[in-house]
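Here's the structure we're looking at; comments come further down.
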Amino acid sequence: MTSTLAVVPVTFAEARAFVAEHHRHHRPPQGHKYSVGVANDGALVGVATVGRPVNRHLDDGATLEVTRVAVIEGQRNACSMLYGAAWRAARALGWKRLITYTQHPEPGTSLRAAGWRKVADRPARGTWSCTSRPRTSGVAVVARTLWEIP
Numbered sequence: 000m001t002s003t004l005a006v007v008p009v010t011f012a013e014a015r016a017f018v019a020e021h022h023r024h025h026r027p028p029q030g031h032k033y034s035v036g037v038a039n040d041g042a043l044v045g046v047a048t049v050g051r052p053v054n055r056h057l058d059d060g061a062t063l064e065v066t067r068v069a070v071i072e073g074q075r076n077a078c079s080m081l082y083g084a085a086w087r088a089a090r091a092l093g094w095k096r097l098i099t100y101t102q103h104p105e106p107g108t109s110l111r112a113a114g115w116r117k118v119a120d121r122p123a124r125g126t127w128s129c130t131s132r133p134r135t136s137g138v139a140v141v142a143r144t145l146w147e148i149p
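Quick note: the sequence shown uses numbering that gives the first Met the number 0, first residue 0, plus one each step.
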């Protein structure tokens with residue numbers, strides 16, 4: 000039996016619920032500019048959320064960040080479809096740059112397949128928490144790789 004993957008619209012609430020259930024190491028994002036989904040024969044099998052860059056130095060008014068991608072295991076090419084759809088949507092809305100991060104040792108295979116390129120390796124930071132804004136991320140602070148779509 001052949002499956003048919005298709006890009007589909009999803010609401011922020013649907014994307015958050017999907018991320019909460021299927022993402023390996025992050026909780027749902029707090030906000031977004033837009034979300035996209037991928038369905039397999041009509042059933043949602045993956046989502047991507049896109050928002051302002053987390054790094055304030057990259058929040059230049061021309062750049063967006065893919066903040067979450069979650070896909071049900073075994074859905075070949077779904078991640079690449081989401082990264083490609085996220086970029087096409089960003090470009091159509093007038094954005095000039097789209098970035099994302101992967102954790103080490105994730106290889107970025109889906110990103111490369113969608114035309115993204117590795118920009119830099121970033122070291123693990125100590126914590127996001129500070130006195131003025133205490134935080135508990137629930138995620139191990141690890142080294143990561145910055146990617147962009149040219």
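C-beta: ideal position from N, C-alpha, C; glycine also.
Any idea what DSSP makes of Val-18, helix, strand or coil?
Reduced to three states, the DSSP call for Val-18 is helix.
When the Cα of Asn-76 is compared with those of Gly-60, Arg-67, Tyr-100, Val-44, which residue comes out closest?
If we check each option's Cα against that of Asn-76, Val-44 comes out closest.
Based on the DSSP output, what are the partners of Asp-58 in its beta bridges?
Partner(s): none; Asp-58 has no beta bridge.
Smallest Cα separation from Arg-26: which of Arg-116, Arg-67, Ala-42?
Of the listed residues, the one whose Cα sits closest to Arg-26 is Arg-67.
Name, in chain order, the residues that DSSP records as bridge partners for Thr-153.
With the chain represented from 0 up to 149, any question about residue 153 goes unanswered, as that position is not in the structure.
What residues in its chain sit with their C-beta under 6 Å from that of Trp-86, if we drop five residues either side in the sequence?
Answer for Trp-86: Leu-97, Ile-148, listed in chain order.
Do Gln-102 and Val-46 have their beta-carbon atoms positioned less than 8 Å apart in this structure?
Against a cut-off of 8 Å, the Cβ pair of Gln-102 and Val-46 comes out as no contact.
May I have the straight-line CA-CA distance separating Asn-2 from Ala-42, to the nearest angstrom?
A quick correction: the sequence has Ser, not Asn, at residue 2. In a straight line, the C-alpha of Ser-2 is about 11 Å away from that of Ala-42.
How would you call Gly-73, buried or exposed, if buried means at least 16 neighbouring beta carbons within 10 angstroms?
Exposed: under 16 other Cβ atoms inside 10 Å.
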